[in-house]
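To start, the structure under review is shown below, and the notes come after it.
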Amino acid sequence: MQYHHTSIKTADIFQAIAFYEALGFEVIERFTAGITLACWMRGANTNIELMQVPEPKNIADAYGDEHYVGYYHLSFHVEDLQALLQNLVNKVGRLKLLLPPREQTIGDRRYQVAFIADPDGLPIELMQVLE
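One rule links them: number in our numbering = place in the sequence shown (from 1) + 134.
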């Protein structure tokens, strides 16, 4: 078995594509899924699928609700956290920062970690290994 993709439903596929392109993903296939627009994107050694929701509704706050159960966030290793955050601001404008960069120790490694949100509020963790 091999992992293929993570699927993300979005209110605005074009805004979501621009955001994930700014993270380094590229559209590799555009298609429809029933009545909705969809695409596959590749980057960070993985694939994501974006699917536009015709009539989006508010969702649970996975990051802010301590009682939330379910898929929580996407996480990506980055080489330079500050540069990536600045690049995102430059490319997509306003960036929703859920947790400003802070140092975190996991096992015997130290990381600089930040959480941001995609255009639909999905939490995304960005982790830089510190020397």
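Just so you know, even glycine gets a beta-carbon here, dropped at the ideal spot from N, CA and C.
In angstroms, rounded to a whole number, what distance separates the CA positions of residue i and residue j?
i	j	result
leucine 229	alanine 167	29 Å
proline 188	aspartate 242	46 Å
proline 253	phenylalanine 148	10 Å
leucine 222	valine 161	17 Å
alanine 217	asparagine 224	10 Å
leucine 219	glutamate 200	26 Å
Between residue i and the rest of its own chain, which residues show a CB-CB distance below 8 Å, the 5 nearest in sequence each way excluded?
i	result
glutamate 163	Cys173 and Trp174
State the DSSP-derived secondary structure class of residue i, mapped to helix, strand or coil.
i	result
lysine 230	strand
alanine 156	helix
Between residue i and residue j, which are expected to be in contact by the criterion C-beta below 8 Å, what is the C-beta distance as a whole number of angstroms?
i	j	result
alanine 315	tyrosine 205	Coverage of the chain is limited to positions 135 through 265, which leaves residue 315 absent and any answer about it impossible.
alanine 152	valine 226	6 Å
phenylalanine 249	leucine 232	4 Å
In the DSSP assignment, what are the bridge partners of residue i?
i	result
glutamate 189	According to DSSP, which records beta bridges pairwise, glutamate 189 is partnered with nothing at all.
If I measure Cβ to Cβ from residue i and keep anything under 6 Å in the same chain, skipping five residues before and after, which residues do I get?
i	result
asparagine 179	none
glutamine 262	Val212, Leu215 and Gln246
Cutting at 7 Å between CB atoms, please list the residues of its own chain near residue i, excluding the five before and the five after it.
i	result
alanine 182	Note that residue 182 is isoleucine in the sequence shown here, rather than alanine. Answer for isoleucine 182: His139, Thr140, Ile142, Tyr154, Phe159 and Met175, listed in chain order.
proline 190	Ala145
proline 234	Ala248
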